[in-house]
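Sequence lines, in order, name chains A and B.
Be aware that the first sequence starts at 4, since it is given in this note's numbering, and climbs by one per residue.
Be aware that the second sequence starts at 4, since it is given in this note's numbering, and climbs by one per residue.
Number of protein chains: 2
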Amino acid sequence: MPNRLITFLQQHRFLTTDEQTLITTAFEPRHYKEGDQLFKAGHICRELFFICDGVIRITATNQKGAELTHFFLKEDSFTTILYSFNNETVADESIQAACNADVLAISKSKLQVLYGQIAGFKELIDQITQQKLMDKIKIRNAYLGEDSETRYHLFMQQQPDIVRRVPLKDIAGYLGITPQSLSRIRKKY
Amino acid sequence: MPNRLITFLQQHRFLTTDEQTLITTAFEPRHYKEGDQLFKAGHICRELFFICDGVIRITATNQKGAELTHFFLKEDSFTTILYSFNNETVADESIQAACNADVLAISKSKLQVLYGQIAGFKELIDQITQQKLMDKIKIRNAYLGEDSETRYHLFMQQQPDIVRRVPLKDIAGYLGITPQSLSRIRKKY
DNA sequence: TTTCGTTTTTACCATATGGTAAGTGGATGC
DNA sequence: GCATCCACTTACCATATGGTAAAAACGAAA
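1. Looking at chain A, which residues of the stretch 122 to 146 of chain B have a Cβ within less than 8 Å of any of its Cβ atoms?
2. Using DSSP's beta-bridge definition, name the partner residues of lysine 77 of chain B.
3. For leucine 171 of chain B, count neighbouring Cβ atoms within 10 angstroms of its own Cβ and tell me buried if that reaches 16, exposed if not.
4. Spell out the partners DSSP gives alanine 63 of chain A in its beta bridges.
5. Are the CB atoms of leucine 8 of chain B and phenylalanine 213 of chain B within a distance shorter than 8 Å?
6. Within its chain, find whatever has a CB closer than 6 Å to the CB of isoleucine 109 of chain A; leave out the 5 residues flanking it on each side and keep chain order.
7. Should threonine 10 of chain B be labelled buried (16 or more other beta-carbon atoms within 10 Å of its own) or exposed?
8. Among the candidates B:Gly57, B:Asn65, B:Gly68, B:Ala69, whose CA atom is the shortest distance from the CA of threonine 82 of chain B?
9. Does isoleucine 47 of chain B come out as helix, strand or coil in the three-state DSSP assignment?
10. Sort B:Ile128, B:Phe74, B:Ile47, B:Leu157 by Cα distance to glutamine 66 of chain A and report the nearest one.
11. Counting C-beta neighbours from all protein chains within 10 Å, is the total for isoleucine 62 of chain B 16 or more, i.e. buried, or is it exposed?
12. Should threonine 153 of chain A be flagged as near chain B, meaning a C-beta pair shorter than 8 Å?
13. Inspect the beta-carbon positions of glutamate 37 of chain B and cysteine 55 of chain B and report whether they are closer than 8 Å.
14. Which residue from A:Glu126, A:Arg143, A:Gly119 puts its Cα closest to that of leucine 25 of chain A?
15. Figure out for me which residue from B:Asp173, B:Asn89, B:Arg154, B:Leu18 has the closest Cα to the Cα of alanine 100 of chain B.
16. Under DSSP, the alpha helix (DSSP H) around proline 5 of chain B begins and ends at which residues?
17. Kindly list, in the order they appear in chain A, the residues whose Cβ is closer than 7 Å to that of leucine 71 of chain B.
18. In chain order, what residues of the same chain lie with their CB nearer than 8 Å to the CB of lysine 139 of chain B, ignoring the 5 residues before and after it?
19. Tell me whether glutamate 96 of chain B is buried or exposed, calling it buried when 16 or more other Cβ atoms sit within 10 Å of its Cβ.
20. Quick one: what's got a C-beta closer than 6 Å to isoleucine 84 of chain B's C-beta in the same chain, skipping five residues either side?
21. Going by other Cβ atoms of all chains shown within 10 Å of its Cβ, with 16 needed for buried, is valine 166 of chain B buried or exposed?
22. According to DSSP, which residues form a beta bridge with leucine 117 of chain A?
23. Which of the three DSSP states, helix, strand or coil, is assigned to isoleucine 84 of chain B?
24. Report the option in B:Gly68, B:Arg60, B:Gln162 whose CA atom is closest to the CA atom of aspartate 39 of chain B.
25. By DSSP, does proline 32 of chain B sit in helix, in strand, or in coil?
26. Of the residues A:Gln161, A:Glu152, A:Ile131, A:Ser80, which one's Cα is nearest the Cα of isoleucine 142 of chain A?
27. Is the distance from the Cβ of tyrosine 155 of chain A to the Cβ of leucine 178 of chain A below 8 Å?
28. What separation, rounded to the nearest whole angstrom, lies between the Cα atoms of threonine 19 of chain B and asparagine 6 of chain B?
29. Under three-state DSSP, which class holds isoleucine 98 of chain B?
30. Which partner residues of alanine 104 of chain B appear in the DSSP bridge assignment?
31. Cβ atoms of glutamine 133 of chain A and glutamine 133 of chain B: under 8 Å apart, would you say?
32. When DSSP builds the beta bridges, which residues end up paired with glutamine 40 of chain B?
33. Cβ closer than 8 Å: which chain A residues qualify as neighbours of tyrosine 86 of chain B?
34. Assuming aspartate 105 of chain A and histidine 34 of chain A make a contact with CB atoms under 8 Å, what is their CB distance in whole Å?
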């Protein structure tokens with residue numbers, strides 16, 4: 004499983020064998036089942052995750068108490084609750100497995116050790132993180148001002164593999180509609 | 004006008020008099036009137052802006068051809084079309100003055116010269132940029148899964164000063180509703 | 001297999017929102 | 001001052017979406 008991370012990082016930057024070993028041993032492999040919480044809102048998120056297989060979703064509770072999905076993330080993505088992780092503030096989002104998932108986890112403290120051991124590693128992670136932030140914004144912006152049917156079609160275009168792997172209700176929550184509305188839209192297709 | 008930028012930067016990091024001069028001379032002061040375009044979608048955005056006074060909005064055209072607002076930005080904010088600026092790709096967003104605005108502009112090439120002249124300046128800008136990206140996502144996420152009335156109230160809470168300074172139709176576009184609906188909601192309040 | 005629980009679909013009705021249109025008000029320019 | 005333009009409001013109707021409920025489909029566990 005750690006190989007997936009090494010392969011991913013090597014796409015951005017060469018890593019010596021020693022560096023690879025440091026990274027591999029610093030991350031802890033975990034398996035989650037659909038619905039498992041990797042992190043619960045209300046706490047400070049002190050872990051960074053790398054998804055090796057499966058789909059993860061970032062969730063939050065809206066003002067009416069309904070659970071909705073802010074983002075889907077899949078293999079070859081780092082994820083955490085960034086503002087909480089960086090600023091040590093309480094997070095209002097949770098991290099949940101949207102289907103069975105293999106994940107590598109590292110604590111903030113261990114990550115900082117890695118930053119000291121591998122020159123330029125922080126910059127590498129920061130760069131990947133920033134790119135991901137921009138992607139998230141871009142995807143979300145595309146939904147703005149579109150009706151639910153258009154949002155659903157956009158979603159299928161942008162993230163076709165997610166549709167097949169996660170429960171429909173999660174997608175409805177992501178698109179900001181009820182499962183009933185989504186069902187209605189799908190009937191037409 | 005450049006003083007506003009120096010004051011802002013000093014909140015994050017000390018700057019010597021020499022560094023201040025370098026920065027001040029590198030940025031070009033400009034004035035825009037409501038509706039003026041700072042940057043037009045369809046091109047590569049090669050400028051970074053710092054807003055000294057006024058409100059700027061990031062706009063895009065949706066699939067039906069309607070112009071909508073992705074974000075509002077005000078004094079003491081840097082803004083550009085980041086993915087376009089970083090990756091030299093064509094931008095699908097424009098930058099427009101939402102009211103009369105004083106802005107400092109710097110080209111990508113001049114900025115890179117500054118990065119070379121001032122140690123740690125790139126890291127400073129990157130840090131500010133990343134924080135802004137997180138803020139944008141946080142603000143947008145808050146609107147997800149809320150009805151238009153709730154979104155309007157959230158907007159007034161989060162960005163009360165914007166409401167007073169920009170045309171209503173821009174706010175409607177930002178909230179993903181028509182000016183008529185917004186008018187209806189305001190009548191209730 | 002059967003049973004149970006959950007997800008998804010379908011149906012019905014109430015309601016919020018969009019579209020079109022027209023009227024009002026304020027600002028700008030002649 | 002007057003005319004013009006644009007933003008904003010209001011009204012009306014058509015429609016998409018939410019809410020509630022129940023049925024159907026699916027999967028997991030006994």
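Backbone N, C-alpha and C fix where the C-beta goes; we use that ideal spot for every residue, glycine too.
On the basis of the supplied data:
1. So the close ones are Asp129, Thr132, Gln133, Leu136, Met137, Lys139, Ile140, Lys141, Arg143, Asn144.
2. Lysine 77 of chain B pairs with B:Val58.
3. Within a 10 Å sphere around the beta-carbon of leucine 171 of chain B sit fewer than 16 other beta-carbons, which makes this residue exposed.
4. As computed with DSSP, alanine 63 of chain A is found in a beta bridge with A:Leu71.
5. Absent from the model: residue 213 of chain B. The displayed extent of chain B is 4 to 192, so no value can be given.
6. Listed in chain order, the non-local C-beta contacts of isoleucine 109 of chain A below 6 Å within the same chain comprise Ala29, Phe30, Leu51, local neighbours out to five positions each way being set aside.
7. Looking at its Cβ environment, which holds fewer than 16 other Cβ atoms inside 10 Å, threonine 10 of chain B is exposed.
8. Cα-wise, what sits closest to threonine 82 of chain B is B:Gly57.
9. For isoleucine 47 of chain B, the secondary structure class from DSSP, reduced to helix, strand or coil, is strand.
10. Checked all of B:Ile128, B:Phe74, B:Ile47, B:Leu157; the closest Cα to glutamine 66 of chain A is B:Leu157.
11. Just to set this straight, residue 62 of chain B is threonine in the shown sequence, not isoleucine. So threonine 62 of chain B ends up on the buried side.
12. Taking Cβ atoms only, chain B reaches closer than 8 Å to threonine 153 of chain A, which makes this a yes.
13. Between glutamate 37 of chain B and cysteine 55 of chain B, the gap from beta carbon to beta carbon reaches 8 Å or more.
14. A check of alpha carbon separations from leucine 25 of chain A across A:Glu126, A:Arg143, A:Gly119 identifies A:Gly119 as the nearest.
15. Each of B:Asp173, B:Asn89, B:Arg154, B:Leu18 was checked against the Cα of alanine 100 of chain B, and the nearest Cα belongs to B:Asp173.
16. According to the DSSP assignment, proline 5 of chain B belongs to the alpha helix (DSSP H) that extends over 5 to 13.
17. What leucine 71 of chain B touches in chain A: Leu147, Gly148.
18. Taken in chain order, the residues that qualify are Phe74.
19. Under this definition glutamate 96 of chain B is a buried residue.
20. Excluding sequence neighbours, isoleucine 84 of chain B sits near Cys48, Ala94, Glu96.
21. Valine 166 of chain B is classed as exposed because its beta carbon has fewer than 16 other beta carbons within 10 Å across all chains shown.
22. Per DSSP, none; premise fails for leucine 117 of chain A.
23. Three-state result, isoleucine 84 of chain B: coil.
24. Sorting B:Gly68, B:Arg60, B:Gln162 by C-alpha distance to the C-alpha of aspartate 39 of chain B places B:Arg60 at the top.
25. DSSP, reduced to helix, strand and coil, places proline 32 of chain B within a strand of the structure shown.
26. Answer by Cα proximity: A:Gln161.
27. For tyrosine 155 of chain A and leucine 178 of chain A, yes; Cβs fall inside 8 Å.
28. CA-CA distance, threonine 19 of chain B to asparagine 6 of chain B, rounds to 14 Å.
29. In the structure shown, isoleucine 98 of chain B falls within a strand segment according to DSSP collapsed to helix, strand and coil.
30. Paired residues: B:Tyr35.
31. Remark: C-beta atoms of glutamine 133 of chain B and glutamine 133 of chain A approach each other more closely than 8 Å.
32. Looking at the DSSP assignment, glutamine 40 of chain B forms a beta bridge with B:Gln99.
33. Per Cβ cutoff of 8 Å: Met137, Lys141.
34. Their Cβ separation, rounded to whole angstroms, is 6 Å, which keeps aspartate 105 of chain A and histidine 34 of chain A in contact under 8 Å.
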